[in-house]
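Below is one structure, written out as structure tokens; comments come after it.
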Amino acid sequence: MTQSSSAGLDAALASGLAADEYALIVKRLNREPNAVELGVFSVMWSEHCSYKSSRRHLAKFPTSGPRVIQGPGENAGVVDIGDGQAVVFKMESHNHPSFIEPYQGAATGVGGIMRDVFTMGARPVALLNALRFGDPSHPGTRRLVAGVVAGIGGYGNCVGVPTVAGETNFHRGYDGNILVNAMCVGLADSDKIFYSAAPAAGLPVVYFGSKTGRDGIHGATMASAEFDTDSEAKRPTVQVGDPFAEKLLIEATLELMASGAVAAIQDMGAAGLTSSCVEMAGKGAVGVELDLDAVPQREENMTAYEMMLSESQERMLAILKPGREADGQRIFQKWGLDAATIGRTTDTGRIVLRHHGEIVCDLPLAPLTEDAPNYDRPWTEPVRQPHLDPAHIPAPTDWEAAVLTVMSCPDVASKRWIWEQYDRHVMADTVEDSATGADAGVVRVHGSAKGLAVTSDCTPRYVSADPYEGGKQAVAEAWRNLTAVGALPIAITDNLNFGNPERPEIMGQIVKAIEGMAEACRALDFPVVSGNVSLYNETNGAAIPPTPTVGAVGLLADYDRRAGFGTAKTGDTLLLLGVSRGELGSSLYLRECLGREDGAPPPVDLTAERRNGDLVRNLISEGAIQVVHDLSDGGLIAAAAELALASDVGVTLDATSAAHAHAFLFGEDQGRYLIATAAPDAIIDRAQAFGVPVATVGHAGGEAFVSGPLFSIPLARLRDAHEGWMPGYMDRPA
Amino acid sequence: MRAAVVVFPGSNCDRDCKVALERSTGADVTMVWHQDTALPAGLDLIVLPGGFSYGDYLRCGAMAALSPVMTEVKAAAERGVAVAGICNGFQILCEVGLLPGALLRNAALRYVCKPVDLDIVNTQTRFTAAFGGRREATMTVGNGEGNFFADEATLDRLEGEGQVVFRYKHNPNGSSRAIAGIVNPAGNVLGLMPHPDRAFEPALGSADGALVFQSVMASV
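Taken in sequence, the protein lines are chains A and B.
Sequential numbering of the first sequence, starting at 53, is according to this note's numbering.
Sequential numbering of the second sequence, starting at 514, is according to this note's numbering.
So this is what it looks like as structure tokens:
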């Protein structure tokens, strides 16, 4: 058996591979890889590309269902929405690059996720983002917020896809490692989905898009390592985005697909040319031979290693049908894109690269994908927090201050400063967005009565306290937000952000969060169709709070039959659906008003969740209710206050019969909806007939937010607190 | 009505304009590629759509102004054909010299997307006649460089000649005298930053934009 040399091993370790992984490579090849080959292995076997720590656990997710056309494993998930149409979507992280270079890191995150969607043949129609920043008082936070938001807007606005929804949290646990998760949703004809598997040998491999430069080399490897204080030195591994090139790439790609010339197609994302050609040839069980001299290059004297590992943006790889190269050239020329035939598929099962006439890489494809490590990393059961009895949690001494504290805290305060920087209206199909007072964004399916509802959700403080319940809750809240606008939840994408999986307590978070999410997905018929795992989110050994973000899509049969919470009127009765036990563990009240982050999170009763949600959705689709808001962060207080502000009408809550008013008003019990209606009796009857607990909790009217005798806050004051925090924070003099 | 929407590389409201025109006026809309050297015959309206033509690199609208099709657009404008430049289209019209002034970076130095309430300053133009007696409209803006600027003499002339058509009630971007839209002296070339193509039916939050297109139709 071939032994590995110490020089080879050192190079492997430097490239991010482990010693036993290198030994496996040498054994498989029966020789040591050269530098290019080692580079190919190092990116294909990186955590980012191989999911080596999470693969066996991801298998626990339900991934199929009557609507699912394509589950995980392709560039994006594909779900049938009837009438020959499909929705195509995925969420992906760009955490490490965004921390190092916030504008470009976030911008290229948006660009990358859009490519994943249009690569499948879909036109992108909506963008979302889930952002987690460090504590507002941390010296780096403001700069990161400003850069990330400008980068997301700068890219999405230019390409012309509306950014319609998202979420933003601040917590010191992200001080050294922010999270930037971007989601793209596209529409395609369900019989015109494009895949990456090369269908045959002897077909031309065509590169098109931007030229290849030296940016982003080893980005996938960087994304698979922890940060330390030298991370600033990794700036050159962050790619630079060109949204104008992306816009041209979308149009050229969709035109090329419509021409009938495409046999298989793949974008060049993480691990660039390496990953795209290995996956295309590997999935098609063929081989591939490339002439690297033909690759359009932006810089002189690029080595084979650099070309194969570059993560230059806005590049595509297509395998064309025989004799169709001229169609490609015509379209690429029209859109002003660089393009070249850089190789052919073969029947060898190998990847062969030539550069300057010499073979610089000759590897069997199978080990790159099939033999990628699949670890069963040791994990420990997370320590659960005890349940908190509301009787032992102090009530506010100053109720008005407590309400204003929660409504102006960074996690609840209006994010207008952020979303006004995003074009939410381009494509002229947006009917609900971050500005409109609805629990999910809604875009029309162009030219039809249908609508797509989209949301992104995770409550990291719950996942920290109990990864299993927190995982369940992330899925349930996404399902609830879609339901609250009247949509039928159809599928999710997930973006699992965790620390170092080689630490058993972190691995425990991963395992239990996935299991909790999977249970909720099964109970709610909410399959996972795509996803992304981002591990090693640590700086100097401190891991982020576990953050499994759920991006979810729902279908409205008629977008006019939907609900929001911005149209409550004077005289409306407020009904609360669901059970209120006064769960204060890991609540915002506890954190913001009492400075505590302990206690078990509210449990999710998935049977009740589904029953309550099904009733709400039925009532909306019948036109019986139009004003609905789900209860989440900040409980009934936050939901009622947001409804009052969005509707510009006062709200009075009656908490006088509650055993513990603070637990009733601030408790974050799950599976609940607040409804405003002028005809409460009929709704109460329906709820009782459906077995859904229902209570009258107040009414709309006046110009104040009131719960006598606890507090009465003029709406203008509440609005100032809610709207004022973020501009006050971002625009104050440095 | 026959209309054309010019498509530049980086235009992203071209389809929106086509759909808005079709739904609000039933117009026959042709998409014209920026490298075309001829326009369809018999046009009543040419729309330069919003977006980021040429990525807004160099300067917004600067490179699009040099596209081959713009020679034809200028000639048509001089013949009296109605031309509407929306957002990036407004920037292009300024760059090509069909409208005075320039669109600068927003005063807050940030992109801004929000609904805006507008005063209709001149209700007698080819683009506002269908508003009837209405003096107010609501549309949305989405721009990073929407801050209209011209020297004082030009601004005075625009005001004095009735060339200011739309004015923001609450200036979102620092535009001189809160100007949102202007016409040329002949009244057949309109530039406006708010998007009528995103406000052409109630489901979008406002249908006022349809009236801009219906005004043109009523004039032909």
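Where a beta carbon is used, it is the ideal one built from N, C-alpha and C, also for glycine.
Practice task
Quickly, what does DSSP pair A/P124 with across the bridge? List them, please.
Solution key: A/E126
Exercise for the section: Would you kindly check if the distance between the Cβ of A/H477 and the Cβ of B/G655 is under 8 angstroms? Expected result: yes
Practice task
Measure from the C-beta of B/V725 to each C-beta in chain A and report whether the shortest distance is under 8 angstroms.
Solution key: no
Problem - For B/I692 and B/R592, the rounded distance between their alpha carbons - result: 26 angstroms
Practice task
For B/F565, go through chain A and note every residue whose CB falls closer than 9 angstroms to its CB, in chain order.
Solution key: N209, C210, V211, G212, P295, F296 and K299
Handout entry: A/A310: contacting residues in chain B (beta-carbon distance under 9 angstroms)
Key = Those do not exist, as A/A310 stays about 15 angstroms from chain B at its closest Cβ, beyond 9 angstroms.
Problem - Where the beta strand (DSSP E) containing A/I765 begins and where it ends - result: F763 to P766
Practice task
Could you check the C-alpha separation between A/V758 and A/L726 for me, to the nearest Å?
Solution key: 16 angstroms
Exercise for the section: Compare the beta carbon distance of A/E219 and A/S508 with 8 angstroms and say whether it is the shorter of the two. Expected result: yes
Practice task
May I ask you to list, following chain order, the residues of the region 377-396 of chain A that have a beta carbon less than 9 angstroms from some beta carbon of chain B?
Solution key: K386, W387 and G388
Practice task
Find the nearest neighbour of B/I633 within the set B/R623, B/F644 and B/L552, judged by alpha-carbon distance.
Solution key: B/F644
Practice task
Measure from the C-beta of B/D557 to each C-beta in chain A and report whether the shortest distance is under 8 angstroms.
Solution key: no
Exercise for the section: Report all residues from its chain with a CB closer than 6 angstroms to the CB of A/F742; omit the five preceding and five following residues, and keep chain order. Expected result: L667
Exercise for the section: Quick one: grab the DSSP three-state call for A/T215. Expected result: strand
Practice task
Count the C-beta pairs between the region 575-589 of chain A and the region 532-549 of chain A that are closer than 8 angstroms, then say yes if the count reaches three, no if not.
Solution key: yes
Exercise for the section: Please name the residue in A/A323, A/V213, A/G312 and A/V216 whose C-alpha comes closest to that of A/D266. Expected result: Sequence check: residue 266 of chain A is Arg here, not Asp. Checking every option, the nearest Cα to that of A/R266 belongs to A/A323.
Problem - CB contact below 8 angstroms: B/A571 versus chain A - result: Just to set this straight, residue 571 of chain B is Leu in the shown sequence, not Ala. Not one chain A Cβ lies under 8 angstroms of B/L571.
Handout entry: Cβ distance (whole Å) where B/E608 is taken to contact B/A575 below 8 angstroms
Key = 5 angstroms
Problem - Three-state class that DSSP yields for A/H751 in the structure shown - result: strand
Practice task
Answer yes if the region 97-117 of chain A comes into contact with the region 226-236 of chain A, meaning at least three C-beta pairs across the two stretches below 8 angstroms, and no otherwise.
Solution key: no
Problem - Closest residue to A/F716 among A/A707, A/D577 and A/G723 (Cα-Cα distance) - result: A/A707
Exercise for the section: Could you list which residues in chain A have their beta carbon closer than 7 angstroms to that of B/V582, in chain order? Expected result: Those within 7 angstroms of B/V582 in chain A number zero; the least Cβ separation is about 14 angstroms.
Exercise for the section: Note down, in chain order, every chain B residue with its Cβ under 8 angstroms from the Cβ of A/Q473. Expected result: R623, Y624, V625 and C626
Exercise for the section: Quickly, what does DSSP pair A/P416 with across the bridge? List them, please. Expected result: A/R402
Handout entry: Cα-Cα separation between A/V701 and A/A752, rounded to whole angstroms
Key = 7 angstroms
Handout entry: Residue ranges of each beta strand (DSSP E) within the region 116-189 of chain A, 3 or longer
Key = 120-122, 129-132, 137-145 and 175-185
Exercise for the section: Find the nearest neighbour of A/V169 within the set A/C210, A/D319, A/D657 and A/F151, judged by alpha-carbon distance. Expected result: A/D319
Practice task
Compute the Euclidean distance between the alpha carbons of A/A304 and A/R224, then round it to the nearest angstrom.
Solution key: 43 angstroms
Practice task
Quick one: which unbroken beta strand (DSSP E) runs of 3-plus residues sit fully inside the region 336-405 of chain A? Chain order, please.
Solution key: 339-343, 367-372 and 390-398
Exercise for the section: Using a cut-off of 9 angstroms between C-beta atoms, extract the partners of A/M778 located in chain B. Expected result: What A/M778 touches in chain B: nothing, since even the nearest Cβ is about 13 angstroms away.
Problem - Closest by C-alpha distance to A/S582, when choosing among A/L504, A/H100, A/W97 and A/M143 - result: A/M143
Problem - Test item: CB-CB of A/I689 and A/F718 under 8 angstroms - result: yes
Practice task
Count the CB pairs spanning the region 448-455 of chain A and the region 181-195 of chain A that are closer than 8 angstroms, and state whether there are at least three.
Solution key: no
Exercise for the section: Flag this pair as yes or no: are the beta carbons of A/V791 and A/I470 separated by less than 8 angstroms? Expected result: Given a span of 53 to 786 for chain A in the structure shown, any question on residue 791 of chain A remains unanswerable.
Exercise for the section: Pull up the distance between the alpha-carbon of A/K621 and that of A/L540, whole angstroms please. Expected result: 26 angstroms
Exercise for the section: Inspect the CB distances between the region 415-433 of chain A and the region 329-346 of chain A and report whether three or more fall short of 8 angstroms. Expected result: yes
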